[in-house]
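Peer 1: The following block contains the structure, expressed as structure tokens.
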């Protein structure tokens with residue numbers, strides 16, 4: 110939020126511009142994901158359907174739900190609450206829902222990633238178990254964080270710090286395992 114030249118009234122223009130750019134980028138990426146899903150289903154969707162087709166469809170549905178909730182949040186903030194500075198004090202309920210949907214989507218993607226590692230490693234369970242345990246443990250933490258912090262507006266510093274610490278741990282555990290695949 111910036112301050113106008115006279116210094117009296119805060120301005121929402123710079124904040125709204127950044128949100129619109131981010132929303133436009135999210136919609137563009139959603140279009141790319143939709144195109145990839147359609148191309149994959151057209152290429153491999155002949156009967157009998159392989160199980161990964163269902164996985165792709167579920168991920169696309171979750172991503173569609175995510176973009177619908179983000180669109181609702183943007184409409185609420187940019188149209189309904191336009192210029193209302195008091196609405197910025199408390200996060201809308203849609204932010205909590207976005208956090209939960211994002212975590213479910215991320216967990217499913219990493220479960221698919223763990224499955225592929227398990228299959229390609231000759232069914233050795235060590236690395237996939239680490240990935241699965243990390244995400245199964247992180248989903249309740251992020252759900253509680255979203256519920257307390259956004260939906261109830263009573264986020265304690267402890268819940269916030271635990272969420273950040275667990276997020277850092279999640280990245281620290283998974284980054285070394287993703288590096289050989291990127292090479």
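Numbering (our numbering), first residue to last: 110 to 292. Virtual Cβ for every residue (Gly too), placed ideally from N, Cα, C. Model, not experiment: these values are computed from the prediction.
#1: Can you tell me which of the three DSSP states residue 251 falls into?
#2: What is the DSSP secondary structure of residue 266, counted as helix, strand or coil?
#3: Measuring only the C-alpha atoms, how far is residue 174 from residue 143?
#4: How big is the Cα-Cα spacing for residue 218 and residue 168?
#5: Take residue 212 as the anchor and find which of 222, 139, 249 and 159 has the nearest alpha-carbon.
#6: Relative to the alpha-carbon of residue 149, which residue among 253, 164, 208 and 238 has its alpha-carbon at the smallest distance?
#7: Along the chain, where does the alpha helix (DSSP H) containing residue 206 start, and where does it finish?
#8: Decide yes or no for the touch test of the stretch 174-192 against the stretch 226-233: beta carbon pairs closer than 8 Å, at least 3 of them.
#9: Roughly how many angstroms lie between the CA atoms of residue 176 and residue 187, to the nearest whole one?
Peer 2: The answer reads as follows:
#1: Three-state DSSP puts residue 251 in a helix.
#2: Confidence at residue 266 is low in this model, with a pLDDT of 46, below 50, so the placement of that residue is unreliable and no value is reported for it.
#3: When rounded, the distance between both Cα atoms is 13 Å.
#4: It is roughly 8 Å from the alpha-carbon of residue 218 to the alpha-carbon of residue 168.
#5: Closest option to residue 212, judged by alpha-carbon separation, among 222, 139, 249 and 159: 249.
#6: Sorting 253, 164, 208 and 238 by C-alpha distance to the C-alpha of residue 149 places 164 at the top.
#7: Run containing residue 206: 202-229, per the alpha helix (DSSP H) assignment.
#8: The stretch 174-192 is not in contact with the stretch 226-233.
#9: If you take the alpha carbons of residue 176 and residue 187, they lie about 16 Å apart.
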